[in-house]
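Comments concern the structure below.
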């Protein structure tokens with residue numbers, strides 16, 4: 002069985018944003034928040050750090066990104082240098098679910114990694130522990146755009162809800178859901194289909210790699226699942242909340 006981090010490192014090798022969020026929508030999320038140069042931003046499970054680097058570059062804000070996978074953090078530090086914000090952002094290796102003494106932040110984000118809290122509800126609680134009063138909470142999360150098949154529901158368990166159910170989770174957590182920026186079908190297609198090409202290019206470059214059969218099998222399975230069951234059923238968006 003292939004390591005999930007290794008697979009995503011290969012399949013998303015050309016991606017700066019490791020989810021179905023188009024670059025212009027990431028810009029829109031930043032505009033919604035209206036954070037300033039004095040803001041501190043925390044990005045949990047930050048991946049390649051694109052959100053943190055972009056937000057710092059646009060506003061002069063400072064921040065911290067945390068991720069468990071060192072190769073992604075290396076990419077994030079390169080990106081920070083490219084955008085001229087290496088002196089304002091810091092990337093730490095670690096489990097984003099583990100409490101750290103980092104103080105409080107005006108923006109706390111977790112895009113596409115609600116597994117850190119065992120689901121959206123637990124992840125919101127982790128985010129709230131770092132949030133200043135009236136902080137922005139940015140959660141990238143899957144939702145059911147239409148009722149899933151039994152197979153898809155079993156695969157993802159009870160982790161996801163429809164849009165109204167997502168609102169319920171925010172309300173139960175005491176977080177005011179004030180905005181959302183949703184991916185459309187084309188955003189999903191660009192995210193999913195580009196991964197097939199990235200894996201194909203990797204296999205062409207190193208066909209005898211010992212992990213090649215497992216990487217190919219994972220790509221083939223995820224491609225078929227996307228085309229037969231996930232497309233149009235899985236929604237994805239950044240849900241923008243405010244802490245109390």
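In our numbering, the protein residues as written are 2 to 245.
All residues carry an ideal CB built from backbone N, CA and C; glycine is no exception.
May I have the straight-line CA-CA distance separating residue i from residue j, to the nearest angstrom?
i           : j           : result
residue 112 : residue 239 : 7 Å
residue 98  : residue 150 : 31 Å
residue 88  : residue 152 : 47 Å
residue 221 : residue 119 : 27 Å
residue 49  : residue 189 : 19 Å
residue 219 : residue 74  : 24 Å
residue 60  : residue 132 : 19 Å
residue 32  : residue 211 : 45 Å
residue 1   : residue 146 : Not covered by the structure: residue 1. The range shown for the chain is 2 to 245.
residue 16  : residue 22  : 11 Å
residue 193 : residue 101 : 34 Å
residue 96  : residue 128 : 14 Å
residue 170 : residue 142 : 12 Å
residue 267 : residue 167 : Here the chain comprises residues numbered 2 to 245, so residue 267 is not present and cannot be evaluated.
residue 216 : residue 37  : 43 Å
residue 213 : residue 94  : 28 Å
From the DSSP output, read off the bridge partner residues of residue i.
i           : result
residue 200 : DSSP, once it has assigned bridges, lists no residue as partnering residue 200.
residue 254 : The structure shown does not extend to residue 254, since the chain spans only 2 to 245, so no value can be given for it.
residue 269 : A query on residue 269 cannot be resolved here, the shown segment of the chain reaching from 2 to 245 and no further.
residue 43  : 65, 109
residue 137 : 108, 243
If I'm right that residue i touches residue j with Cβ under 8 Å, what's the distance once you round it to whole angstroms?
i           : j           : result
residue 30  : residue 63  : Their Cβ separation, rounded to whole angstroms, is 18 Å, which puts residue 30 and residue 63 out of contact at 8 Å.
residue 76  : residue 46  : Not a contact, Cβ separation roughly 14 Å.
residue 236 : residue 144 : 5 Å
residue 139 : residue 125 : Actually they are not in contact, since the Cβ atoms of residue 139 and residue 125 sit about 11 Å apart, beyond 8 Å.
residue 92  : residue 66  : 5 Å
residue 243 : residue 135 : 6 Å
Closer than 6 Å to a non-hydrogen atom of the ligand HEM - does that hold for the CB of residue i?
i          : result
residue 81 : For the structure depicted, the ligand HEM is absent and the ligand set is empty, with no information on it obtainable.
Query raised in the report: What alpha helix (DSSP H) runs, 4 residues minimum, are completely inside the stretch 56-135?
Result: Whole alpha helix (DSSP H) segments, 4+ residues: 71-83, 121-131.
Query raised in the report: Would you call the stretch 69-85 and the stretch 40-57 touching, i.e. three or more CB-CB distances under 8 Å?
Result: Yes, the stretch 69-85 is in contact with the stretch 40-57.
Report task. Decide yes or no for the touch test of the stretch 109-125 against the stretch 187-203: beta carbon pairs closer than 8 Å, at least 3 of them. Result -> No, the stretch 109-125 is not in contact with the stretch 187-203.
Report task. Say whether the stretch 207-215 touches the stretch 140-158, bearing in mind that this needs 3 or more beta-carbon pairs closer than 8 Å, one atom from each stretch. Result -> Per the Cβ contact rule, the stretch 207-215 is not in contact with the stretch 140-158 (fewer than 3 Cβ pairs under 8 Å).
Query - Sufficient close CB pairs (3 or more, under 8 Å) joining the stretch 162-182 to the stretch 3-10 - result: As far as the Cβ criterion goes, the stretch 162-182 does not touch the stretch 3-10, which means the pair count is below three.
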